[in-house]
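A.B. asks: Next up is a structure, given as structure tokens.
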Ligand code: 5GP
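In the working numbering, the protein residues as written are 1 to 209.
This is how it looks when you write it as structure tokens:
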């Protein structure tokens, strides 16, 4: 029985290369939830195998900046030379339909969500060690050495923001990390503040019968 009318906004964040995307995909493969992924918009060029509208909406810098001016993003950030942002209307519509919306964003964006949507659940994914992060970024082979170095320096800054999140999840094993996030989502649903009003209204309705 679902007690929350409005969906839950779940923000998965953490340094580049920590495996946010892999963990998010594993989370979506687990049973027993009703998650929907918010596809971001970016000015980065598509990588091989990336599909427009599925991995990202790929747009020009000019188009992105027009959308910033019109206030069309829930959050956005410039990350290592490119813009990334979450379209506001899609997120609002889905939350209104009672769906769980999952964002996968870097830290500046996650903290903007914290400001705008106080009841969002912020999860910080961390690697089992710094070395594991570096190895992952290098072996992924999707960036040049210059870009990898930029992402590594950025990761050092991002680690210091961990205390601003509601939960920390170590990505030691992808399945374990996804399973922990699933447990967090379930527990968040049961939080009194999220569910008590709907439940009391329901009891009230029974009294009136
Ligand atoms: P990548 O280029 O590796 O796909 O993404 C670079 C970073 O941008 C990653 O940390 C990724 O999670 C983050 N990112 C992806 N979409 C968004 C978004 O909509 N907003 C923000 N703030 N960051 C995003």
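Don't be surprised by glycine CBs; every beta carbon is placed ideally from N, CA and C.
Taking only heavy atoms of the ligand 5GP into account, decide whether any of them is closer than 8 angstroms to the Cβ of residue 41.
C.D. replies: It does: the Cβ of residue 41 is within 8 angstroms (strictly closer) of some heavy atom of the ligand 5GP.
A.B. asks: Identify, in the order they occur along the chain, each residue of the same chain with its Cβ nearer than 6 angstroms to the Cβ of residue 52, setting aside the five sequence neighbours on each side.
C.D. replies: Contacts found: 58.
A.B. asks: What runs of the beta strand (DSSP E), each 3 residues or longer, lie entirely inside the stretch 145-209?
C.D. replies: Fully enclosed beta strand (DSSP E) runs of 3 or longer: 167-170.
A.B. asks: Any heavy atom of the ligand 5GP closer than 8 angstroms to the beta-carbon of residue 145?
C.D. replies: No, since every heavy atom of the ligand 5GP falls outside the 8 angstroms radius drawn around the Cβ of residue 145.
A.B. asks: So is the beta-carbon of residue 20 under 8 angstroms away from any non-hydrogen atom of the ligand 5GP?
C.D. replies: Yes; taking the cut-off as 8 angstroms, the Cβ of residue 20 has a heavy atom of the ligand 5GP nearer than that.
A.B. asks: Quick one: grab the DSSP three-state call for residue 139.
C.D. replies: Helix.
A.B. asks: So, is residue 203 buried or exposed, given that buried needs 16 or more other C-beta atoms within 10 angstroms?
C.D. replies: Result: exposed.
A.B. asks: Cβ-heavy atom distance between residue 141 and the ligand 5GP below 8 angstroms?
C.D. replies: No, Cβ of residue 141 sits at least 8 angstroms from all heavy atoms of the ligand 5GP.
A.B. asks: In three-state DSSP terms, what is residue 19?
C.D. replies: Coil at residue 19, not helix or strand.
A.B. asks: Any heavy atom of the ligand 5GP closer than 8 angstroms to the Cβ of residue 44?
C.D. replies: The answer is yes for residue 44.
A.B. asks: Going by beta-carbon coordinates alone, are residue 184 and residue 169 separated by less than 9 angstroms?
C.D. replies: Going by C-beta atoms, residue 184 is nearer than 9 angstroms to residue 169.
A.B. asks: Closest to residue 163 by CA distance: which of 114, 88, 46, 93 is it?
C.D. replies: Ranking 114, 88, 46, 93 by Cα distance to residue 163 puts 114 first.
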